[in-house]
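Participant: Provided herewith is a single structure, encoded as structure tokens, for subsequent inquiry.
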Amino acid sequence: MKTLATIGDNCVDIYPQLNKAFSGGNAVNVAVYCTRYGIQPGCITWVGDDDYGTKLKQDLARMGVDISHVHTKHGVTAQTQVELHDNDRVFGDYTEGVMADFALSEEDYAWLAQYDIVHAAIWGHAEDAFPQLHAAGKLTAFDFSDKWDSPLWQTLVPASRFCLCLRTARRRSAASEDESDCCPWRRNSDCHAG
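Residue numbers for the sequence shown follow UniProt numbering, so the first one is 1 and each next one is one higher.
Here is the structure:
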């Protein structure tokens with residue numbers, strides 16, 4: 001079975017109306033979802049030395065994610081304020097916290113050697129790692145979300161085996177039946193638009 005590591009963004013979603021907080025962020029969510037399919041993933045990210053950082057690490061460990069490279073840094077864990085409007089989530093203020101300075105260490109790169117697949121997203125500050133990981137033979141996946149105008153399309157597609165992206169309503173209505181225009185770089189990489 002293939003092994004997978006996620007790199008980058010984590011976030012605690014804070015729901016003031018519910019007086020609850022939930023661990024999340026792309027790297028966290030992908031790692032947790034992989035455990036549901038029998039994969040034992042690892043995650044490289046930074047959390048703050050606050051209660052939310054402790055919560056995030058505990059939640060990941062409880063779900064079976066290797067947290068040996070979830071590093072605790074002095075400061076606050078990334079947070080998003082979320083409100084519910086008619087059962088729809090409305091994302092409010094975001095505090096990036098310690099993730100603003102996120103970077104992989106040499107030890108992180110060495111640890112990634114044990115993984116076949118490496119996944120990151122546009123918010124995770126992991127883009128500088130992808131050329132090196134791709135050159136090392138890793139199967140790389142990068143999630144651009146709905147950031148169609150990001151300059152990272154120019155630099156990351158050659159270093160990504162899979163590019164993931166969201167089609168907005170505007171893009172969805174303009175897409176042809178074969179979806180060849182869903183991804184600006186479809187010929188160079190597998191683009192999966194949802």
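Think of the CB as a built atom: it goes at the ideal place given N, C-alpha and C, for glycine as much as any other residue.
In angstroms, rounded to a whole number, what distance separates the CA positions of D101 and D88?
Facilitator: Position 101 of the sequence shown, counted from the start, is the residue given in the question as residue 101. Position 88 of the sequence shown, counted from the start, is the residue given in the question as residue 88. Approximately 31 Å, taken between the alpha carbons.
Participant: Is E107 helix, strand or coil by DSSP?
Facilitator: Start at 1 with the first residue of the sequence shown, and residue 107 comes out as number 107. E107 falls in the helix class under three-state DSSP.
Participant: Tell me, which residues are paired with T80 by DSSP?
Facilitator: One-based indexing of the sequence shown puts residue 80 at position 80. Its beta-bridge partners are D13 and Y94.
Participant: When the Cα atoms are used, what is the spatial distance from A120 to L133?
Facilitator: Here residue 120 refers to the residue found at position 120 of the sequence shown. Here residue 133 refers to the residue found at position 133 of the sequence shown. Rounded to whole angstroms, A120 to L133 spans 12 Å at the Cα level.
Participant: Which two residues bound the contiguous alpha helix (DSSP H) that contains D51?
Facilitator: By 1-based counting over the sequence shown, the position of residue 51 is 51. Per DSSP, D51 belongs to the alpha helix (DSSP H) from D51 to R62.
Participant: D59 to A136, Cα distance in whole Å?
Facilitator: In the sequence shown, residue 59 corresponds to position 59, counting from 1. In the sequence shown, residue 136 corresponds to position 136, counting from 1. If you take the alpha carbons of D59 and A136, they lie about 31 Å apart.
Participant: Buried or exposed, going by whether 16 or more other CB atoms sit within 10 Å of the CB of L112?
Facilitator: Translated into positions along the sequence shown, residue 112 becomes position 112. Answer is buried; the Cβ neighbour count reaches 16.
Participant: What did DSSP end up calling A100 once you bin it into helix, strand or coil?
Facilitator: Position 100 of the sequence shown, counting from 1, holds the residue named residue 100. In this structure, A100 counts as helix in the three-state DSSP scheme.
Participant: Are the Cβ atoms of T3 and Y94 separated by less than 8 Å?
Facilitator: Within the sequence shown, numbered from 1, the residue matching residue 3 stands at position 3. Within the sequence shown, numbered from 1, the residue matching residue 94 stands at position 94. No. Outside cutoff.
Participant: Measure the beta-carbon distance from G48 to G97 and round it to whole angstroms, keeping in mind my assumption that it falls under 8 Å.
Facilitator: Start at 1 with the first residue of the sequence shown, and residue 48 comes out as number 48. Start at 1 with the first residue of the sequence shown, and residue 97 comes out as number 97. With a Cβ gap of about 5 Å, G48 and G97 count as contacting.
Participant: Measure from the alpha carbon of S68 to the alpha carbon of each residue in L18, L56 and Q79, then state which is nearest.
Facilitator: Here residue 68 refers to the residue found at position 68 when the sequence shown is read from its first residue. Here the closest residue by C-alpha is L56.
Participant: For L18, which three-state DSSP category applies?
Facilitator: Translated into positions along the sequence shown, residue 18 becomes position 18. Coil, per DSSP.
Participant: Which two residues bound the contiguous alpha helix (DSSP H) that contains V32?
Facilitator: Position 32 of the sequence shown holds residue 32. Run containing V32: N26 to T35, per the alpha helix (DSSP H) assignment.
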